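Reviewing the structure listed below.
Numbering (our numbering), first residue to last: 8 to 157.
Have a look at this one:
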């Protein structure tokens, strides 16, 4: 994977080194995917498993974006939406650069939006739990960016 998935490779490499040197016989590494809808776990050992992994489902490989109950996505949402989760990305000087909001439209579709560059919005998002709050969504058809406002 790319930068969103590579972080766990460092844990795998460190664990492999520990197993190879004999410090550990087995180990477990867990990780979340970039969009945090999939959880991964790897069990590593210097010994061959006693049982085969036959019978493991390949359904995730056939359609990895489907999940168990996929939510349809609105790629150009406008109007009102409800925040499901969010994060703020900070600059090196520790000031907010922008926020990313994941939520649902009034029709129940998933949306992803960038926050407006608004100090009051950053203060609200970083100062209290905004999950469940309503935001106003606009979509720029030229840049293809959806922006969320309080």
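Note that beta-carbon positions come from the ideal geometry of N, C-alpha and C, so glycine has one too.
Just so you know, these numbers come straight off a predicted model, no measurement behind them.
Do residue 132 and residue 142 have their beta-carbon atoms positioned less than 8 Å apart in this structure?
By one-based count along the chain shown, residue 142 stands at place 135. By one-based count along the chain shown, residue 132 stands at place 125. In this structure, residue 132 does not lie closer than 8 Å to residue 142 by Cβ.
Can you check whether the CB of residue 121 is closer than 8 Å to the CB of residue 153?
Here the question's residue 153 lines up with position 146 in the chain shown. Here the question's residue 121 lines up with position 114 in the chain shown. Their beta carbons are under 8 Å apart, which means residue 153 touches residue 121 by this criterion.
Candidates 38, 128, 115 and 86: which alpha carbon is nearest residue 106's?
Taking the first residue of the chain shown as position 1, residue 106 is located at position 99. Among 38, 128, 115 and 86, the Cα nearest to that of residue 106 is on 128.
Check residue 59 in the structure and name its three-state DSSP category.
The count along the chain shown starts at 1 and reaches residue 59 at position 52. Reduced to three states, the DSSP call for residue 59 is coil.
Can you list, in chain order, the residues of its chain with a C-beta nearer than 6 Å to that of residue 47? Leave out the 5 residues immediately preceding and following it.
Locating residue 47 in the chain shown gives position 40, where the first residue counts as 1. Same-chain partners within the cutoff: 38.
For residue 79, is the classification buried or exposed, using 16 other Cβ atoms within 10 angstroms of its Cβ as the cut-off for buried?
Taking the chain shown and counting its residues from 1, the one referred to as residue 79 is at position 72. It is exposed - the Cβ of residue 79 has fewer than 16 other Cβ atoms within 10 Å.
Host alpha helix (DSSP H) of residue 126 (start-end):
Position 119 of the chain shown, counted from the start, is the residue given in the question as residue 126. 126-134 is the extent of the alpha helix (DSSP H) around residue 126.
In three-state DSSP terms, what is residue 46?
Stepping through the chain shown from its first residue, residue 46 is reached at position 39. Residue state, collapsed to three classes: strand.
Grab the span of the beta strand (DSSP E) containing residue 87 for me, first residue to last.
Here residue 87 refers to the residue found at position 80 when the chain shown is read from its first residue. Residues 86-97.
Measure the alpha-carbon distance for residue 54 versus residue 27 and round it to whole angstroms.
Translated into the one-based positions of the chain shown, residue 54 becomes position 47. Translated into the one-based positions of the chain shown, residue 27 becomes position 20. Each residue's alpha carbon lies about 11 Å from the other.
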